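Working notes, structure below.
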Amino acid sequence: AQTVTQSQPEMSVQEAETVTLSCTYDTSESNYYLFWYKQPPSRQMILVIRQEAYKQQNATENRFSVNFQKAAKSFSLKISDSQLGDTAMYFCAFWGGGSNYKLTFGKGTLLTVNP
Amino acid sequence: DAGVTQSPTHLIKTRGQHVTLRCSPISGHKSVSWYQQVLGQGPQFIFQYYEKEERGRGNFPDRFSARQFPNYSSELNVNALLLGDSALYLCASSFRPTEPGFFGQGTRLTVV
């Protein structure tokens, strides 16, 4: 079974600064996907960025980028130029192959961006 | 196009009662997955349905059941509600079951 660990329950950052959220995972699969989701108070889970395990290049989406270390099973999210609207819960999630297609989530990190 | 639609948005039930939650997928999406998110935790997988058949089931008791209709909408049913069933229930839809999909805004269930 896969596990996803987010060791930072809460983090804060000043507007316009950079912050990094940590995530580690454990799996025996070789082909999988990793995701970061954002959940604002509106409750809707919004996909921020995804990474295919077979790709060595780190994914980037505008101000969001990841540092994917496959051997270390680490998948951190970097948010540059933080904005007030980035305030939300952030969840790291694992999507594996095989016959059971499901997302396994970490417990989340509450990010607060201060003005 | 409309996103994933869940109804109702909020619900209060009494212990022992039964509840039905509904999910309408994005147009063209044939796969629906259900997740339970207890306060302070990440979502936990409950079910996945594709083409009206159950394709995956998480570690939940038999009180939880679901089905998918010919129009690909889905219902999640929970019998004999317990206080611990209080949670946000999220639905995600995708074109194929091999994709994680897009989430709805969820149904907040409170059991008293």
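The listed protein sequences derive, respectively, from chains G and U.
Under this note's numbering, the first residue of the first sequence is numbered 43, with each subsequent residue one higher.
Under this note's numbering, the first residue of the second sequence is numbered 501, with each subsequent residue one higher.
Where is the CB? At the ideal position from N, CA and C, for every residue including glycine.
All of these numbers come straight from a predicted model, not from anything done at the bench.
Classification of Pro570/U by the beta-carbon crowding that lies within 10 angstroms, buried from 16 upward: exposed
- At which residue ranges does the segment 59-112 of chain G contain complete beta strand (DSSP E) runs of 3 or more residues, listed in the order of the chain? 61-63, 66-68, 74-81, 88-94 and 106-111
Do you know offhand how far Leu576/U's Cα is from Ser533/U's?
10 Å
* To do: Could you spell out the range, first to last residue, of the beta strand (DSSP E) harbouring Thr520/U?
  => Val519 to Ser524
Q. For Gln56/G, which residues from the same chain have a beta carbon less than 6 Å from its beta carbon, with the 5 sequence-adjacent residues on both sides left out?
A. Asn156
Contact residues within the segment 120-151 of chain G, judged by C-beta distance below 7 Å to chain U | Phe133, Trp137, Asn142, Tyr143, Lys144, Leu145, Phe147, Gly148, Lys149 and Gly150
Inset, instruction - Measure from the alpha carbon of Arg105/G to the alpha carbon of each residue in Gly127/G, Met87/G, Ser84/G and Ala114/G, then state which is nearest. - result: Gly127/G
### Three-state secondary structure assigned by DSSP to Gly601/U
coil
Less than 7 Å separating the Cβ of Arg105/G from some heavy atom of the ligand SAM?
Judged by which ligands are present, the structure shown has none, so any question about the ligand SAM falls away.
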